[in-house]
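Going down the list, the protein sequences come from chains A and B. Read in the working numbering, the first sequence has 73 at position 70, and its numbers run on one by one without any break. Read in the working numbering, the second sequence has 143 at position 101, and its numbers run on one by one without any break. We put the CB at the ideal spot given by N, CA and C, even for glycine. Below you'll find the structure, written out as structure tokens, and then a few comments.
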Amino acid sequence: NAGVTQTPKFQVLKTGQSMTLQCAQDMNHNSMYWYRQDPGMGLRLIYYSASEGTTDKGEVPNGYNVSRLNKREFSLRLESAAPSQTSVYFCASRRSLGASDTQYFGPGTRLTVL
Amino acid sequence: RKEVEQDPGPFNVPEGATVAFNCTYSNSASQSFFWYRQDCRKEPKLLMSVYSSGNEDGRFTAQLNRASQYISLLIRDSKLSDSATYLCVVPRWKLSFGAGTTVTVRA
């Protein structure tokens with residue numbers, strides 16, 4: 004049981020390049036999330052997917068797109084990377100609302116845009 | 043007002059000390075709350091949940107004050123391994139994270 008996995012772990016891009024961050028979970032969770040974390044800013048939600056086939060914008064969606072490929076996989080794409088997108092990106096899946104509400108995070112992708 | 047606000051610290055305490063810090067939230071309808079722990083920009087991990095007035099797990103105690111809309115986390119008998127950033131989380135359709143409180147326990 005791997006939990007939430009993310010690839011790559013590290014990435015350096017030049018301004019204007021594109022890339023896709025991959026995320027997969029093997030816990031059969033319906034909800035999946037993409038966050039970015041910058042120093043002193045906490046975790047900010049980029050996009051989320053409440054269930055397979057649905058995606059919605061979070062707090063900071065500009066410059067990103069997502070795809071919920073199936074129940075397991077939720078990818079984040081940067082079409083034209085900018086230095087402001089230098090950050091640590093975390094993918095997460097969520098068990099459910101209510102008493103057993105727990106979010107599990109992947110190990111993160113450290114992205115630098117030059 | 044932000045949904046979740048935390049004292050960023052840092053709290054620098056000696057081993058064995060007690061340290062406590064608060065988190066305020068804006069949505070009075072929130073019913074449950076969580077504390078997550080994050081080490082050195084690694085992924086956050088659930089530390090404890092708070093559903094009623096409070097919760098205790100070993101050296102960690104979380105308390106909820108609904109009237110004043112804050113939750114607190116108290117760490118007793120601090121260990122070096124408690125050094126981390128503690129994130130306050132308020133769930134709704136999404137989980138709203140505070141920016142975190144940094145705790146450093148020194149030998």
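- For Leu46 of chain A, the enclosing beta strand (DSSP E) covers residues 45–52.
- For a cut-off of 8 Å, the C-beta gap from Leu88 of chain B to Phe102 of chain B is around 12 Å, too long to register as a contact.
- Against chain A, a Cβ distance below 7 Å from Ser74 of chain B picks out Asp104.
- At a cut-off of 8 Å between beta carbons, Ala141 of chain B contacts chain A.
- Separation of Val69 of chain A and Ala59 of chain B (C-alpha to C-alpha, rounded to the nearest whole angstrom) is 45 Å.
- Annotation: Cβ neighbours of Leu48 of chain A in chain B (cutoff 9 Å, chain order): Lys136, Leu137, Ser138, Phe139.
- CA-to-CA, the gap between His32 of chain A and Gly111 of chain A works out to about 18 Å.
- From the beta-carbon of Tyr92 of chain A, no residue of chain B is found nearer than 7 Å; the closest lies around 11 Å away.
- Residues of the stretch 49–65 of chain B whose Cβ lies closer than 9 Å to any Cβ of chain A, in chain order: Pro50.
- Remark: three or more beta-carbon pairs, one from each stretch, lie closer than 8 Å, so the stretch 44–58 of chain A and the stretch 71–78 of chain A are flagged as touching.
- Of the residues assessed, Val15 of chain A falls on the exposed side of the cut-off, its CB having fewer than 16 other CB atoms within 10 angstroms.
- CA-to-CA, the gap between Gln80 of chain B and Arg134 of chain B works out to about 21 Å.
- If only uninterrupted beta strand (DSSP E) runs of at least 3 residues are considered, those enclosed by the stretch 82–107 of chain B are 87–92, 96–99, 102–107.
- For Leu89 of chain B, the nearest beta carbon of chain A is not closer than 8 Å to its own beta carbon.
- Ranked by Cα distance from Arg108 of chain B, the options B:Pro56, B:Tyr67, B:Gly51 are led by B:Tyr67.
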